[in-house]
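Counting in my numbering, the sequence shown runs from 10 upward without gaps. Contents: one structure, followed by commentary.
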Amino acid sequence: MEFNFYWLKELLRRRLVECGWRDQVKLICKELIKEKGSDITYDSMLSTVTSRARTLVPDSVKKELLQKIKSQLMAQEEKLKI
């Protein structure tokens, strides 16, 4: 069993869509553009949105992904012992 980053990334994407996180981040982007107009740079927007978006990730999503990662690592460790 290989560590499947694609599967974890896809799971994260689905969970974030399900909980409305993606829509919240879109709204943050729209508000920021409305507030700053054409004066905002990509780097500035990325910095602002990233910090706010990270705080919006529900604890349940973080816990689920952490558990999946731990499970995959433990399975790999067991496989190496064989």
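Every residue, glycine too, gets a C-beta built ideally from N, C-alpha and C.
How is the alpha helix (DSSP H) around residue i delimited, first residue to last?
i     : result
ASP68 : 68-90
SER60 : 51-65
ASP32 : 30-45
Is residue i buried or exposed, if buried means 16 or more other CB atoms sit within 10 Å of its CB?
i     : result
LEU36 : exposed
MET10 : Summary for MET10: the model assigns pLDDT 47, below 50, so the residue's position carries little reliability, and this model does not support an answer.
Between residue i and residue j, how many whole angstroms is the CB-CB distance? I'm expecting something under 8 Å.
i     : j     : result
LEU25 : VAL70 : 7 Å
ILE78 : LEU17 : 7 Å
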